[in-house]
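Chemist:
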Amino acid sequence: MQKINVGLVGVGNIGNIHLMCLAALKDSRLLDLDVTALCDIDEETLDRAATLYDVSNTYVNYDDLVSDDDVDVVYVCTPTNRHRDIVKAVAEQEKDVFCEKPLAHSAPQARDLLGHVNGHNIRNGVGLVLRYDQLLLYAKQLIEDENLGKPMLAHIRDDQRFPINYIYYSQWRGDKSIAGGGTLIEHSIHDLDLLLWLMGDVQDVFARVNFFSEREVEDHASVTLTHTNGAVSTLDSLWHWVDRPNERFIELFFQEGYIAIHLGSGERFLKYHVKDEGPTRVSVEEANSVLLDELELKSEDLNNDQIQAITTVGPERYSALSYAFLKSVQENGDADPSFIDAIKAHRLVDAAYKSADSDRLITL
-3 MQKINVGLVG VGNIGNIHLM CLAALKDSRL LDLDVTALCD IDEETLDRAA
47 TLYDVSNTYV NYDDLVSDDD VDVVYVCTPT NRHRDIVKAV AEQEKDVFCE
97 KPLAHSAPQA RDLLGHVNGH NIRNGVGLVL RYDQLLLYAK QLIEDENLGK
147 PMLAHIRDDQ RFPINYIYYS QWRGDKSIAG GGTLIEHSIH DLDLLLWLMG
197 DVQDVFARVN FFSEREVEDH ASVTLTHTNG AVSTLDSLWH WVDRPNERFI
247 ELFFQEGYIA IHLGSGERFL KYHVKDEGPT RVSVEEANSV LLDELELKSE
297 DLNNDQIQAI TTVGPERYSA LSYAFLKSVQ ENGDADPSFI DAIKAHRLVD
347 AAYKSADSDR LITL
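Okay, so the sequence shown: first residue is -3 according to the numbering used here, each after it adds one.
(1) Exposed or buried, what is residue 328 when buried is set at 16 or more other beta-carbons lying within 10 Å of its beta-carbon?
(2) Restricting to Cα atoms, I'd like to know which of 281, 234, 4 and 273 is closest to residue 142.
(3) Within 10 angstroms of its Cβ, does residue 294 collect 16 or more other Cβ (buried), or is it exposed?
(4) So for residue 156, helix, strand or coil by DSSP?
(5) Below 8 Å between beta carbons: does that hold for residue 364 and residue 233?
(6) Just checking my contact of residue 239 with residue 223 at CB under 8 Å: how many whole Å lie between their CB atoms?
(7) Whole angstroms is fine: what's the gap from residue 13's alpha carbon to residue 262's?
(8) Express the C-alpha separation of residue 38 and residue 271 in angstroms, rounding to a whole number.
(9) Pull up the distance between the alpha-carbon of residue 107 and that of residue 275, whole angstroms please.
(10) Where DSSP assigns a beta bridge to residue 387, which residues make up the other side?
(11) CA-CA distance, residue 125 and residue 322?
(12) DSSP puts residue 267 in a beta bridge; with which residues?
(13) Output the boundary residues of the alpha helix (DSSP H) element that contains residue 105.
(14) Go ahead and label residue 25 buried or exposed: buried means 16 or more other beta carbons lie within 10 angstroms of its beta carbon, across all protein chains shown.
(15) Between residue 298 and residue -1, what straight-line distance do the alpha-carbon atoms span, to the nearest angstrom?
(16) Let me see if you follow: with CB-CB separation under 8 Å, is residue 356 close to chain C or not?
(17) Between residue 291 and residue 319, which are expected to be in contact by the criterion C-beta below 8 Å, what is the C-beta distance as a whole number of angstroms?
(18) What is the C-beta distance between residue 335 and residue 113, in whole angstroms, given that I count them as a contact (C-beta under 8 Å)?
(19) How should residue 351 be labelled, buried or exposed, when 16 other C-beta atoms within 10 angstroms of its C-beta is the threshold for buried?
(20) Based on the DSSP output, what are the partners of residue 358 in its beta bridges?
(21) Pair every Cβ in the segment 144 to 158 with every Cβ in the segment 52 to 67, then say whether three or more of these pairs are closer than 8 Å.
(22) Closest to residue 87 by CA distance: which of 221, 226, 117 and 98 is it?
(23) Start and end of the alpha helix (DSSP H) containing residue 20?
(24) By Cβ distance below 8 Å, which residues in the same chain neighbour residue 60 in space, the five residues on each side in sequence not counted?
(25) Per DSSP, residue 85 forms a beta bridge with which residues?
(26) Is the Cβ-Cβ distance between residue 203 and residue 331 less than 8 Å?
(27) Figure out for me which residue from 58, 102, 77 and 76 has the closest Cα to the Cα of residue 89.
(28) Mapping the DSSP letters down to three states, classify residue 55 as helix, strand or coil.
(29) For the ligand GTP, is there a heavy atom less than 7 Å away from the beta-carbon of residue 37?
(30) Measure from the alpha carbon of residue 95 to the alpha carbon of each residue in 49, 3 and 135, then state which is nearest.
(31) In its own chain, which residues sit with a C-beta less than 7 Å from the C-beta of residue 178, not counting the 5 before and 5 after it?
(32) When burial is assigned at 16 or more other CB atoms within 10 Å of the CB, is residue 250 buried or exposed?
(33) Might you give, ordered along the chain, the residues of its own chain that have their beta carbon closer than 6 Å to the beta carbon of residue 244, omitting 5 neighbours on each side?
(34) Taking the Cβ atom as the reference point for each residue, do residue 167 and residue 359 lie within a distance shorter than 8 Å?
(35) Could you check where the beta strand (DSSP E) with residue 221 kicks off and where it finishes?
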């Protein structure tokens, strides 16, 4: 397979995470790729990233990177308000594109981007990275393989320190004109995508949001989803100022089964209980085999560096996400997740905001 040359726009926090994971995929020879160009409007940040990752071509204007003949695939890792223009520019050059979440500020904007990439017949991936978490893949396999009975209830509690400064080194997530909103769209679009992925399609949405910090973006959202199969999901999403690890706690109830997943900055594990059997606890290491299966990789065919690159190098979900996306590029396949998946999550975000604004149930 031919080498993939990647250009990346936006070398801030999330851009650096992607660069680290792309470097791990390259260095371990899991993929034949090069990061050939970087772009950022902050020249000091740009130079630092270029030096760290040994990238010779740097640009402050994304049009220059997008039109670079040495770039085959473009990663868009900028603040949300820049996504639309950059993705459209990539589509015009007929290059495959990966865009971080949220894809846009609304579902109609996201559909507009889908129209552009489809119009130019380019592959498209999106940063809904929880789909490549080992424990969540393990949970999905349990749902598909075990006789858990009818789905009944799901609940996610997701709390995070307000992503301004701190480990995020930026202020833009507090600016609605840039981010599009607060904890619901900027952070918990992950959770809404996860509830769709695990529990199925949604028929109606009810939500409350609050602005406890008195900023222009919400720092609290509580959302109730009614699924077409009758199950109900609830999401409580919160940005706070407590100096504690970010945490996501997920519970899934079925008539004959229960799954709990703890995803924190510290400990991560899954527990499940099926029918009359005793409870079982699953570690990340035990769940790694499910991730490798999802990526169609066999541990016996991989060396230690390659296994490390997929499972333990930094935020390993991003390594797995990039591996899956770039393999789809190499093999002319469909990316998962794609812009279509992002639009489905954006529809729920839009409905939740509409419900909170109108104090009524929104039917999809």
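Backbone N, C-alpha and C define an ideal beta-carbon position, used for all residues, glycine too.
Modeler: Taking the coordinates as given:
(1) Exposed: under 16 other Cβ atoms inside 10 Å.
(2) 273
(3) exposed
(4) In the structure shown, residue 156 sits in a strand (DSSP, three-state: E or B).
(5) Residue 364 lies beyond the stretch modelled for the chain, which goes from -3 to 360, so this question has no answer here.
(6) Actually they are not in contact, since the Cβ atoms of residue 239 and residue 223 sit about 36 Å apart, beyond 8 Å.
(7) Near 18 Å, if we compare the C-alpha coordinates of residue 262 and residue 13.
(8) 56 Å
(9) Rounded to the nearest angstrom, the two C-alpha atoms are 43 Å apart.
(10) Look at the range of the chain in this structure, -3 to 360, and you will see that residue 387 is not part of it.
(11) Taking the straight line from one Cα to the other gives about 14 Å.
(12) 256 and 277
(13) 103 to 115
(14) It is exposed - the Cβ of residue 25 has fewer than 16 other Cβ atoms within 10 Å.
(15) A straight line joining the alpha-carbon of residue 298 with that of residue -1 spans about 20 Å.
(16) No chain C is present in this structure, which holds just one protein chain.
(17) Beta-carbon to beta-carbon, residue 291 and residue 319 are separated by about 6 Å, close enough to satisfy the 8 Å threshold.
(18) 6 Å
(19) buried
(20) 201
(21) Too few Cβ pairs lie closer than 8 Å, so no.
(22) Closest option to residue 87, Cα to Cα, is 117.
(23) Per DSSP, the unbroken alpha helix (DSSP H) holding residue 20 starts and ends at 9 to 23.
(24) 35
(25) Per DSSP, none; premise fails for residue 85.
(26) It is not a contact, given that the beta carbons lie outside the stated cut-off.
(27) 58
(28) strand
(29) This structure lacks the ligand GTP, and indeed carries no ligand of any kind.
(30) 3
(31) 213, 214, 215 and 235
(32) buried
(33) Around residue 244, the same chain offers 154 and 259 as residues with beta carbons nearer than 6 Å, after the five sequence neighbours per side are excluded.
(34) no
(35) 216 to 223
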